[in-house]
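Trainee: Quick one: the structure is below, questions incoming.
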Amino acid sequence: MKISDVVCFGAIIPELQSSDRDGAIKELVGALSKAGALGKASADEISKVVIKRENEASTGLGRGVAVPHIKHNGMKNVVAAIGRSPGGIDFASLDKQPVYSVILLISPVDDPDKHLQAMESIFKHLQRDNFRKFLRQSQTADQIADLIKEADDNPTL
Amino acid sequence: MAKVVREIEVQIKNPDGLHMRPAMQFVDTASQFASDISVSSSENVVDGKSIMQMTMLAATHGTKLTIKAQGPDADQAVVALQQLVEVRQFDEGQG
Chain A
429 MKISDVVCFG AIIPELQSSD RDGAIKELVG ALSKAGALGK ASADEISKVV
479 IKRENEASTG LGRGVAVPHI KHNGMKNVVA AIGRSPGGID FASLDKQPVY
529 SVILLISPVD DPDKHLQAME SIFKHLQRDN FRKFLRQSQT ADQIADLIKE
579 ADDNPTL
Chain B
117 MAKVVREIEV QIKNPDGLHM RPAMQFVDTA SQFASDISVS SSENVVDGKS
167 IMQMTMLAAT HGTKLTIKAQ GPDADQAVVA LQQLVEVRQF DEGQG
């Protein structure tokens with residue numbers, strides 16, 4: 429699966445207003461909702477579940493990135509939103525460092541394989557030093573969108 | 117110190133596959149051992165002690181993985197990891 433197949437390009441936030449985790453999650457869920465990517469699910473409900481999931485175990489895996497994710501029965505497709513925080517957010521990450529890039533992933537309940545393939549695609553890119561660096565440096569939604577599209581074709585990104 | 121290499125094939129049995137929580141459990145278990153642990157699917161070889169790399173494996177239900185442990189406690193490591201993956205099924209198996 430390509431990362432550009434799951435990223436909702438209308439839900440890219442180049443500068444998150446919130447400096448806290450829950451606020452950032454709500455902004456990203458709100459962006460997905462505004463872009464019409466949440467189907468029947470309500471933004472408030474999704475935010476609540478994502479925050480609850482995050483409280484159980486942080487998805488901040490280190491190196492300045494976090495990938496909050498849930499499955500929800502209101503969803504028809506796997507969708508992702510991307511947020512960038514120039515100032516960094518405390519995500520209770522494994523390495524205790526702030527998070528500068530957040531990729532939020534919402535998946536339907538009944539397709540665990542597709543959810544995993546989306547995670548695989550996201551982490552394959554987040555593993556790469558260049559991809560993380562460029563994502564952190566991108567200042568506009570267009571730049572982030574270009575990076576996502578290029579990353580699928582260019583393994584050095 | 118004896119350099120033992122042990123390799124074992126396991127199959128993912130829990131319906132949701134190797135998502136982030138099971139990947140964390142795997143890394144926690146693997147990290148209890150001194151041995152180097154690598155995990156390979158048909159496509160990738162990753163460090164069994166790196167949560168980011170393990171999540172990247174994204175092994176779905178039914179996927180076969182090869183766990184390779186190399187070091188003084190390689191025997192115990194593969195036994196513990198096989199137990200986690202196939203017997204406990206990351207504590208989320210059905211039936």
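Note that the protein sequences, when read in sequence, are chains A and B.
Basically the working numbering = 1-based index in the first sequence + 428.
Basically the working numbering = 1-based index in the second sequence + 116.
Yeah, the Cβ is synthetic: ideal placement off N, Cα and C, and Gly gets one too.
Note that the structure is predicted; figures quoted are calculated from it, not measured.
Are the CB atoms of residue 436 (chain A) and residue 546 (chain A) nearer to each other than 8 Å?
Mentor: It is not a contact, given that the beta carbons lie outside the stated cut-off.
Trainee: Is the beta carbon of residue 589 (chain A) sitting closer than 8 Å to the one on residue 549 (chain A)?
Mentor: Past the edges of chain A, shown from 429 to 585, lies residue 589 (chain A), and the structure says nothing about it.
Trainee: Do the region 548 to 563 of chain A and the region 167 to 178 of chain B make contact, defined as three or more Cβ pairs closer than 8 Å?
Mentor: Because the criterion of three Cβ pairs below 8 Å is met, the region 548 to 563 of chain A and the region 167 to 178 of chain B touch.
Trainee: Residue 463 (chain A) by DSSP, collapsed to three states: which one?
Mentor: In this structure, residue 463 (chain A) counts as coil in the three-state DSSP scheme.
Trainee: Mind reading off the beta-carbon distance from residue 454 (chain A) to residue 470 (chain A)? Whole number of angstroms is fine, and I expect it under 8 Å.
Mentor: About 12 Å; that fails the 8 Å criterion.
Trainee: When we look at the beta-carbon of residue 485 (chain A) and count the other beta-carbons within 10 Å, is it buried (16 or more) or exposed?
Mentor: The residue in question, residue 485 (chain A), is exposed, as its Cβ has fewer than 16 Cβ neighbours within 10 Å.
Trainee: Below 8 Å CB to CB, which residues in the same chain sit around residue 572 (chain A) once its five sequence neighbours on both sides are set aside?
Mentor: Closer than 8 Å at the Cβ level, and outside the excluded window around residue 572 (chain A), lie 440, 442, 510, 512, 563 and 566.
Trainee: Provide the residue(s) that pair with residue 154 (chain B) in DSSP beta bridges, ordered along the chain.
Mentor: DSSP output for residue 154 (chain B) lists B:163 and B:184 as bridge partner(s).
Trainee: By the three-class DSSP mapping on this structure, what secondary structure does residue 555 (chain A) have?
Mentor: Residue state, collapsed to three classes: coil.
Trainee: So the beta strand (DSSP E) residue 125 (chain B) belongs to, where does it begin and stop?
Mentor: Where residue 125 (chain B) is concerned, the enclosing beta strand (DSSP E) stretches over 120 to 127.
Trainee: Based on DSSP bridge pairs, tell me the residues matched to residue 512 (chain A).
Mentor: In the DSSP output, where bridge partners are listed per residue, residue 512 (chain A) has A:529.
Trainee: Within 8 Å of any Cβ in chain A, is that where the Cβ of residue 131 (chain B) sits?
Mentor: Judged by the 8 Å Cβ criterion, residue 131 (chain B) is in contact with chain A.
Trainee: Could you check what DSSP says for residue 583 (chain A) in three-state terms: helix, strand or coil?
Mentor: Coil, per DSSP.
Trainee: Going along the chain, which residues of the region 473 to 494 of chain A sit with their C-beta nearer than 8 Å to a C-beta in chain B?
Mentor: Under the 8 Å Cβ criterion, the region 473 to 494 of chain A contributes 485, 487, 489, 490 and 491.
Trainee: Straight-line CA distance for residue 186 (chain B) to residue 131 (chain B)?
Mentor: Whole-angstrom Cα-Cα distance: 29 Å.
Trainee: Could you check what DSSP says for residue 497 (chain A) in three-state terms: helix, strand or coil?
Mentor: Looking at residue 497 (chain A) - three-state DSSP - the assignment turns out to be strand.
Trainee: State buried or exposed for residue 127 (chain B), treating a residue as buried only when at least 16 other CB atoms are found within 10 Å of its CB.
Mentor: The residue is exposed, with fewer than 16 neighbouring Cβ atoms inside 10 Å.
Trainee: Quick check on residue 551 (chain A) - is its C-beta less than 8 Å from some C-beta in chain B?
Mentor: Yes, residue 551 (chain A) counts as interfacial toward chain B.
Trainee: Per DSSP, what are the beta-bridge partners of residue 507 (chain A) in this structure?
Mentor: Answer is A:534, bridged to residue 507 (chain A).
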